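Enquirer: Sharing a structure with you now.
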Amino acid sequence: MDIGRAFTYPFEDKDWLKKIAIGGLVMIIPVVNFIAIGYAIRTLRNLLEGRETPLPEWDDWGGDFMLGLIPALAAIVYAIPSGVLSAIGGALTGSRSGFANLIGFGFSCLAVLYGLALGIILPVLYLRYAKNPEFNVFFQFAEAFAFIRENLSDYIITWLMIVAGIVGVIACIVGVIFAFFIALLVSAHLLAQLDKKAATPA
Numbered sequence: 033m034d035i036g037r038a039f040t041y042p043f044e045d046k047d048w049l050k051k052i053a054i055g056g057l058v059m060i061i062p063v064v065n066f067i068a069i070g071y072a073i074r075t076l077r078n079l080l081e082g083r084e085t086p087l088p089e090w091d092d093w094g095g096d097f098m099l100g101l102i103p104a105l106a107a108i109v110y111a112i113p114s115g116v117l118s119a120i121g122g123a124l125t126g127s128r129s130g131f132a133n134l135i136g137f138g139f140s141c142l143a144v145l146y147g148l149a150l151g152i153i154l155p156v157l158y159l160r161y162a163k164n165p166e167f168n169v170f171f172q173f174a175e176a177f178a179f180i181r182e183n184l185s186d187y188i189i190t191w192l193m194i195v196a197g198i199v200g201v202i203a204c205i206v207g208v209i210f211a212f213f214i215a216l217l218v219s220a221h222l223l224a225q226l227d228k229k230a231a232t233p234a
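Residue 214 in the numbering used here is what sits at position 182 of the sequence shown, and the numbering runs on without skipping anything.
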């Protein structure tokens, strides 16, 4: 995995400042930020096809919105089990019964474990969605876990780089407004690298 390349490729576009500035501003507006997510998915598609630069033009706002809307809808569905488990856990832990408190703690732990499992699998679901932009892709968990299992060491590296510290490191350099958008572009490159390596025979 060329981690350094994932951080540098966006800045090789001669119009990188304009494109990242637009993405950063779009990213902070609720609902409108679906466009930025769709743009990042379009960038991932380019990377999967071997086109690192230039970054896509901001010329398909409607298409990018639809690309970003589907993951947002999937996130709403994902939130339902977590919300139910947390609500049951909160209700029971407020009881005077020790047994009810214990059961409530168990439900709360299940909510945490559910969130952790979802966080682990989400990057590969986005990768699969970039290849096949359909709503049901976000619920093909068996296929996603099979991909993770077959590429475990590379996936761990990719996941850690996406989750741990990317946004914080970039925020110190260019400011929090643009950090999240740049993190999306960095994550796209990491996922494209992972997919390429997974497709290469050992």
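Where is the CB? At the ideal position from N, CA and C, for every residue including glycine.
Predicted, not measured: the structure shown is a model, and the values here were computed from it.
For the stretch 93-141, list the beta strand (DSSP E) runs that are entirely contained and at least 3 residues long, ordered along the chain.
Expert: Listed in chain order, there is nothing to give.
Enquirer: Would you mind sorting S185 into buried or exposed? The rule is 16 or more other CB atoms within 10 Å of its CB.
Expert: So S185 ends up on the exposed side.
Enquirer: Compute the Euclidean distance between the alpha carbons of G130 and T190, then round it to the nearest angstrom.
Expert: Each residue's Cα considered, the two are about 42 angstroms apart.
Enquirer: Assuming L99 and R74 are in contact, meaning their beta carbons sit under 8 angstroms apart, how far apart are those beta carbons, in whole angstroms?
Expert: Confirmed, about 7 angstroms.
Enquirer: Out of L192, I188, I153 and P165, which has the shortest C-alpha to C-alpha gap to E175?
Expert: Nearest option by C-alpha distance: I153.
Enquirer: For the stretch 50-98, which segments carrying the beta strand (DSSP E) assignment without a break, of at least 3 residues, lie completely within its bounds, in sequence order?
Expert: List check, beta strand (DSSP E) in window: nothing returned.
Enquirer: Does the stretch 129-149 come within contact of the stretch 50-66, defined as at least 3 CB pairs closer than 8 angstroms?
Expert: Not touching, per the Cβ criterion.
Enquirer: In the structure shown, what three-state DSSP assignment does N168 receive?
Expert: Reduced to three states, the DSSP call for N168 is helix.
Enquirer: Using only the alpha-carbon positions, how far apart do F179 and K228 sit?
Expert: Near 13 angstroms, if we compare the C-alpha coordinates of K228 and F179.
Enquirer: Pull up the distance between the alpha-carbon of S114 and that of K51, whole angstroms please.
Expert: Using only the alpha carbons, I get a separation of about 36 angstroms.
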